[in-house]
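Residue numbers (the numbering used here): 76 to 250.
Idealized CB from N, CA, C, for every residue including glycine.
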Amino acid sequence: MAVQATRSRRSRRSRRPLRIAGPVLGVLIVGLLAAAFWVGATLRDAQTAADDRQAALRAAGAHAVYLLSVGYRSVDNDIGRILDTSTGAARAEYARTAAELKKSTIKDKILQTGALRASGLVSLRGSTAQVMVVGDAVVRRDGSKDAPQELFHRWNMEVTKVGGAWLVSKAELVL
76 MAVQATRSRR
86 SRRSRRPLRI
96 AGPVLGVLIV
106 GLLAAAFWVG
116 ATLRDAQTAA
126 DDRQAALRAA
136 GAHAVYLLSV
146 GYRSVDNDIG
156 RILDTSTGAA
166 RAEYARTAAE
176 LKKSTIKDKI
186 LQTGALRASG
196 LVSLRGSTAQ
206 VMVVGDAVVR
216 RDGSKDAPQE
226 LFHRWNMEVT
236 KVGGAWLVSK
246 AELVL
């Protein structure tokens, strides 16, 4: 009888670690899965922020080149690109002055070619970014013997994410 009682106690003791190990392993697995999901979400957020920074820079740079590249042969398309890459107050201002730009560009046979020199992100808060942009243009009049004129522009642009696309909502020339 004493031998059986001893075996019974040993048997209960040997099963006790198994009863504890199961729930402990379950909690450990749940904890590791939660940590993995948290790390994944953090990495996804960081990638989204990096993508937004690059998209805002690209949008501001492209808009600057469109502002600097206007020719009398393609003025309607050139103005269209400017309007397509802008929103809000900037777009309203470009739309308001488009007819005069077209008229003077055609009248003077302007061929203006722009180039992006640099752009830098100043800030990004939610769906709005501030971008500094540097661009230069060479302006000539078709048929003129005058030397081309060089223009140097620096802008502080506000870029806003609208419907998944980054568009220039404000462009201020910086002296």
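- Following the DSSP letters along the chain, one finds G189 inside the beta strand (DSSP E) bounded by residues 185 to 200.
- By the criterion of a C-beta distance shorter than 6 Å, W241 is surrounded in its chain by A130, A131, A134, V234, once the five residues flanking it on both sides are discounted.
- Per DSSP, reduced to three states, the secondary structure at R148 is coil, with no helix or strand assignment.
- The shortest C-alpha to C-alpha distance from L176 to any of L196, A190, D153 is the one to D153.
- For D211, the secondary structure class from DSSP, reduced to helix, strand or coil, is strand.
- In this structure the stretch 184 to 203 lies against the stretch 137 to 150, because at least three pairs of beta carbons, one per stretch, are closer than 8 Å.
- When beta bridges are read from the DSSP output, A246 appears opposite M232.
- The beta carbons of V214 and Q224 sit about 5 Å from each other, so the pair counts as a contact at 8 Å.
- With a cutoff of 9 Å on beta-carbon distance, T180 and G146 are scored as near each other.
- When the alpha-carbon of L158 is set against those of V237, V243, A125, the nearest one is in V243.
- By the Cβ-count criterion, T117 is exposed, with fewer than 16 other Cβ atoms from all chains shown falling within 10 Å of its own Cβ.
- Membership of G163 in the alpha helix (DSSP H) is indicated by the continuous run 163 to 182.
- The C-alpha of I185 is placed about 12 Å away from the C-alpha of A212.
- DSSP places A222 outside both helix and strand once states are collapsed to three, so it counts as coil.
- Here T117 carries a helix assignment [DSSP, helix/strand/coil].
- In this structure, the CA atom of V99 is about 42 Å from the CA atom of D127.
- Sequence-distant partners of T188 (beyond 5 residues in either direction) whose C-beta falls short of 6 Å from its own C-beta, in its chain, are S144, V213.
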